[in-house]
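Residue numbers (my numbering): 26 to 104.
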């Protein structure tokens, strides 16, 4: 039994959300975002999107699902 990838529509295992190609693309984009944030830790989602070419909505999705965390620099300045 096969299902269809939610992104590209190609066949895939019924236990996955995306096919292997789309899943690897997502992992590559996540790594790109993570590496950028490590180099530029005070960046906002728009700056990350402009630098990486990855949409703001995808970056915000990573933050919402807990894959990326946001640091409140305002509270750190008062220390």
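Beta carbons: idealized from backbone N, C-alpha and C, even for Gly.
Closest residue to residue i among the options (Cα-Cα distance)
i: residue 85; options: 58, 64, 63; result: 58
i: residue 50; options: 75, 62, 90, 32; result: 32
i: residue 70; options: 48, 47, 52, 94; result: 94
Alpha carbon of residue i to alpha carbon of residue j, nearest angstrom
i: residue 87; j: residue 80; result: 11 Å
i: residue 55; j: residue 30; result: 19 Å
i: residue 82; j: residue 34; result: 21 Å
i: residue 101; j: residue 92; result: Low per-residue confidence applies at residue 101: pLDDT is 48, beneath 50, and the placement is therefore not dependable enough to give any value.
i: residue 62; j: residue 68; result: 7 Å
i: residue 43; j: residue 37; result: 7 Å
i: residue 72; j: residue 65; result: 10 Å
i: residue 104; j: residue 60; result: With a pLDDT of only 45 at residue 104, under the threshold of 50, the placement of this residue in the model should not be trusted; the figure read from the coordinates follows. Cα to Cα, residue 104 sits roughly 27 Å from residue 60.
i: residue 89; j: residue 74; result: 16 Å
Beta-carbon gap between residue i and residue j smaller than 8 Å
i: residue 28; j: residue 39; result: yes
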